[in-house]
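S.K.:
There are 2 protein chains.
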Amino acid sequence: MHGSISRELTELEALLGEETRPGTLRPGGRTAQVRAAVLQAAGDALAEQGFAHLDLAEIARRAGVGKTTVYRRWGSVPGLVADLLMDMAEQSLPRARTGSLLGDLKANSRLVQRTLTDPRQGMLFKAVIAAAVCDARTAEALHRFYDARITEWAPCVQEAVDRGELPTGTDPREVIRAVSAPLYYRLLASGDPLDEAAADQAAEAATAAARSGAYITP
Amino acid sequence: MHGSISRELTELEALLGEETRPGTLRPGGRTAQVRAAVLQAAGDALAEQGFAHLDLAEIARRAGVGKTTVYRRWGSVPGLVADLLMDMAEQSLPRARTGSLLGDLKANSRLVQRTLTDPRQGMLFKAVIAAAVCDARTAEALHRFYDARITEWAPCVQEAVDRGELPTGTDPREVIRAVSAPLYYRLLASGDPLDEAAADQAAEAATAAARSGAYITP
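Sequence order for the protein chains is A and B.
Take the first sequence: its letters are residues 1 to 218, numbered as in full-length UniProt numbering.
Take the second sequence: its letters are residues 1 to 218, numbered as in full-length UniProt numbering.
1. Using three-state DSSP, classify L25 of chain A as helix, strand or coil.
2. For a test of the three-state rule: what should DSSP assign to T170 of chain A, helix, strand or coil?
3. Hey, does A214 of chain B have any beta-carbon neighbour from chain A nearer than 8 Å?
4. Taking Cβ to Cβ, would you say D200 of chain B is nearer than 8 Å to C156 of chain B?
5. Could you tell me whether the Cβ of C134 of chain B comes closer than 8 Å to any Cβ of chain A?
6. Does the separation of the CB atoms of A63 of chain B and A209 of chain A fall below 8 Å?
7. What residues from chain B crowd round S190 of chain A, counting only those whose CB sits closer than 7 Å?
8. Along the segment 114-126 of chain B, what residues have a CB closer than 7 Å to any CB found in chain A?
9. Strictly below 9 Å CB to CB, what residues from chain B border A205 of chain A?
10. Evaluate contact between the segment 115-132 of chain B and the segment 35-49 of chain B, counting only Cβ atoms and requiring at least three cross-stretch pairs below 8 Å.
11. Do you know offhand how far A136 of chain B's Cα is from V77 of chain B's?
12. CA-CA distance, W74 of chain B and S92 of chain B?
13. Which same chain residues, not among the five before or five after L183 of chain B, have their C-beta less than 8 Å away from its C-beta?
14. Residues of chain A with CB under 9 Å from G50 of chain B, in chain order?
15. In chain A, which residues lie with their C-beta within 8 Å of the C-beta of A139 of chain B?
16. Do you know offhand how far A154 of chain B's Cα is from A148 of chain B's?
17. How far does the alpha helix (DSSP H) with T115 of chain A in it extend, from its first residue to its last?
18. Do you know how far the Cα of G169 of chain A is from the Cα of I216 of chain A?
19. At a CB-CB cut-off below 8 Å, which residues of chain A make contact with Q201 of chain B?
20. Please classify G50 of chain A as buried or exposed, where buried requires at least 16 other C-beta atoms within 10 Å of its C-beta.
21. In chain A, what lies closer than 7 Å to A181 of chain B by C-beta?
22. Counting along the chain, where does the alpha helix (DSSP H) carrying H143 of chain B start and finish?
23. Quick check: L80 of chain B and I129 of chain B, are their CB atoms within less than 8 Å of each other?
24. Determine, using beta carbons only, whether A130 of chain A comes closer than 8 Å to chain B.
25. Hey, would you say L101 of chain A sits closer than 8 Å to E204 of chain A, going by beta carbons?
26. Does D171 of chain B get closer than 8 Å to chain E when you measure Cβ to Cβ?
27. I'd like the list of long-range same chain contacts for D87 of chain B, defined as Cβ closer than 6 Å, with 5 residues on each side in sequence excluded.
28. What are the start and end residues of the alpha helix (DSSP H) that includes E196 of chain A?
29. So, is D171 of chain B buried or exposed, given that buried needs 16 or more other C-beta atoms within 10 angstroms?
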């Protein structure tokens with residue numbers, strides 16, 4: 001799944017030209033292909049083995065890329081995982097536009113639920129969250145990932161405020177966080193079932209709490 | 001803090017006689033003292049170094065207890081961490097009885113918030129949650145810990161149903177989970193501030209969602 005999205009991204013980058021994505025990337029389609037292959041291999045290794053056993057040389061081998069390229073470009077395992085998270089944030093689906101708050105939030109919670117229960121993606125998130133506990137750089141990359149996803153979905157809540165569905169002063173970001181939180185709690189803490197019913201309940205609870213004014217910033 | 005609670009537990013066990021706690025414990029106050037000292041040392045080591053570097057011999061040394069005693073009684077690091085979690089569940093504060101649902105849930109959310117932001121306890125939970133990602137035995141022990149805590153606090157919600165504060169059919173355990181979830185999401189995923197305001201918001205949101213019927217079991 002990730003593979004085909006990576007390929008699509010590579011094609012998109014080829015179309016757009018890489019000057020649209022400044023920073024870590026050097027111009028040229030080959031660079032984007034290398035990045036896609038290495039991030040794919042890093043994600044596979046993370047999902048299979050966890051963070052502690054990640055090895056840049058082994059990832060280079062899996063990706064069919066020279067070891068020195070990987071060391072030169074990413075430098076370290078936390079550096080590579082940070083880039084993987086940035087790539088995942090960029091590739092994640094855009095927000096819903098169903099016309100109702102509950103519809104949008106259900107789309108969000110079901111997307112999170114599908115991601116966390118996907119065998120590969122679920123293990124990947126668990127591995128990165130576990131690594132973030134004792135690695136500050138990975139923790140920062142993880143926080144940036146959630147920040148990007150919350151920024152993508154927050155307009156669903158702002159539009160609900162503008163439509164008069166929610167009280168003025170509601171913090172859109174808090175509402176989006178509230179949708180994800182019960183699903184991560186099940187995944188990481190309580191171990192309760194992480195099914196579609198749990199996703200719908202998370203969206204319904206966040207909607208009800210938002211309507212009551214629980215997320216108005218003081 | 002943990003030390004004084006451990007001592008109180010030891011005194012309580014001495015009063016009750018250990019036949020009230022069957023299973024892993026042999027009779028006698030000395031056994032309870034050894035357990036308290038070893039669990040204290042295990043918790044300190046977890047909070048300082050994380051799970052990966054835990055070493056039974058080192059914990060025995062810290063606790064001033066013979067190495068063979070620790071190996072014979074707990075067998076392995078996951079076995080020791082499972083017993084530590086059971087001890088933490090037993091020692092955790094009893095549920096609140098404020099007379100209102102919001103009052104009780106705020107007491108719960110502030111207790112969780114204080115625990116997760118306490119330097120020692122917060123690191124301990126992060127370390128155990130990280131370890132549970134790749135160790136099934138630790139994951140089971142963690143799930144039992146939350147199960148015990150949810151069972152302790154669920155009557156606050158059932159009493160609110162009985163008082164007519166919440167709709168009939170509300171699942172008390174889901175409401176208690178909903179209070180904790182946003183706090184764990186901040187700790188483990190988003191990195192957003194985990195302050196008293198976040199705790200109060202979690203309690204208010206769970207109360208509002210429960211009143212709207214979001215936690216009625218289908």
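All residues carry an ideal CB built from backbone N, CA and C; glycine is no exception.
Since the model is a prediction, treat every value here as computed from it, not as a measurement.
M.R.: Well, looking at it:
1. By 1-based counting over the first sequence, the position of residue 25 of chain A is 25. Any reading at L25 of chain A must be qualified, since the residue scores a pLDDT of 46, below 50, and its modelled position is unreliable; the value itself is stated next. L25 of chain A falls in the coil class under three-state DSSP.
2. Here the question's residue 170 of chain A lines up with position 170 in the first sequence. Strand.
3. As a working note, residue 214 of chain B is residue 214 in the second sequence. By this cut-off, A214 of chain B is an interface position.
4. Residue numbering aside, residue 200 of chain B sits at position 200 when the second sequence is read from its first letter. Residue numbering aside, residue 156 of chain B sits at position 156 when the second sequence is read from its first letter. With contacts defined as CB atoms closer than 8 Å, D200 of chain B and C156 of chain B fail to qualify as a contacting pair.
5. Taking the second sequence and counting its residues from 1, the one referred to as residue 134 of chain B is at position 134. Look at C134 of chain B: its C-beta is under 8 Å from a C-beta on chain A.
6. Position 63 of the second sequence, counting from 1, holds the residue named residue 63 of chain B. Position 209 of the first sequence, counting from 1, holds the residue named residue 209 of chain A. In this structure, A209 of chain A does not lie closer than 8 Å to A63 of chain B by Cβ.
7. Here residue 190 of chain A corresponds to residue number 190 of the first sequence, with the count starting at 1. The answer, in chain order, is H143, Y146, R177.
8. K126
9. Within the first sequence, the letter at position 205 stands for residue 205 of chain A. By Cβ distance, chain B contributes E174, A178, A205, A206, A208, A209, A210, S212, A214, Y215.
10. yes
11. Looking up residue 136 of chain B in the second sequence gives position 136. Looking up residue 77 of chain B in the second sequence gives position 77. For A136 of chain B and V77 of chain B, the distance between alpha carbons rounds to 13 Å.
12. Your numbering for residue 74 of chain B matches position 74 in the second sequence. Your numbering for residue 92 of chain B matches position 92 in the second sequence. In a straight line, the C-alpha of W74 of chain B is about 22 Å away from that of S92 of chain B.
13. Within the second sequence, the letter at position 183 stands for residue 183 of chain B. Counting only Cβ-Cβ distances below 8 Å, and skipping sequence neighbours, we find S109, V112, Q113, L116, L194, A198, A199, A202.
14. To locate residue 50 of chain B, count along the second sequence from 1; it is residue 50. What G50 of chain B touches in chain A: V133, C134.
15. Sequence index remark: in the second sequence, residue 139 of chain B carries index 139 (1-based). The contacting residues are G191.
16. Translated into the one-based positions of the second sequence, residue 154 of chain B becomes position 154. Translated into the one-based positions of the second sequence, residue 148 of chain B becomes position 148. Straight-line measurement puts the Cα of A148 of chain B at about 10 Å from the Cα of A154 of chain B.
17. One-based indexing of the first sequence puts residue 115 of chain A at position 115. The continuous alpha helix (DSSP H) containing T115 of chain A extends over residues 101-117.
18. The sequence position of residue 216 of chain A within the first sequence is 216, counting from 1. The sequence position of residue 169 of chain A within the first sequence is 169, counting from 1. Roughly 5 Å between the two C-alpha positions.
19. What you label residue 201 of chain B is simply residue 201 of the second sequence in a count that begins at 1. Those are E174, A214, Y215, listed as they occur along chain A.
20. Locating residue 50 of chain A in the first sequence gives position 50, where the first residue counts as 1. Per the 10 Å Cβ criterion, buried.
21. For the purposes of this step, residue 181 of chain B is taken as the residue at position 181 of the second sequence. Simply A181, P182, Y185.
22. Mapped onto the second sequence, residue 143 of chain B falls at position 143. Where H143 of chain B is concerned, the enclosing alpha helix (DSSP H) stretches over 136-162.
23. Here residue 80 of chain B is taken as the residue at index 80 of the second sequence, counted from 1. Here residue 129 of chain B is taken as the residue at index 129 of the second sequence, counted from 1. Not in contact: L80 of chain B and I129 of chain B (Cβ atoms no closer than 8 Å).
24. Within the first sequence, numbered from 1, the residue matching residue 130 of chain A stands at position 130. Yes, A130 of chain A lies at the interface with chain B (some Cβ there is under 8 Å from its Cβ).
25. Here residue 101 of chain A corresponds to residue number 101 of the first sequence, with the count starting at 1. Here residue 204 of chain A corresponds to residue number 204 of the first sequence, with the count starting at 1. No, Cβ-Cβ distance for L101 of chain A and E204 of chain A is not below 8 Å.
26. This model lacks chain E altogether; the protein chains it does include are A and B.
27. Position 87 of the second sequence holds residue 87 of chain B. Counting only residues of its own chain and dropping the five nearest sequence neighbours on each side, D87 of chain B has a CB closer than 6 Å to the CB of L39.
28. Taking the first residue of the first sequence as 1, we reach residue 196 of chain A at position 196. Run containing E196 of chain A: 196-211, per the alpha helix (DSSP H) assignment.
29. Counting from 1 along the second sequence, the entry for residue 171 of chain B is found at position 171. Buried, by the Cβ-count rule.
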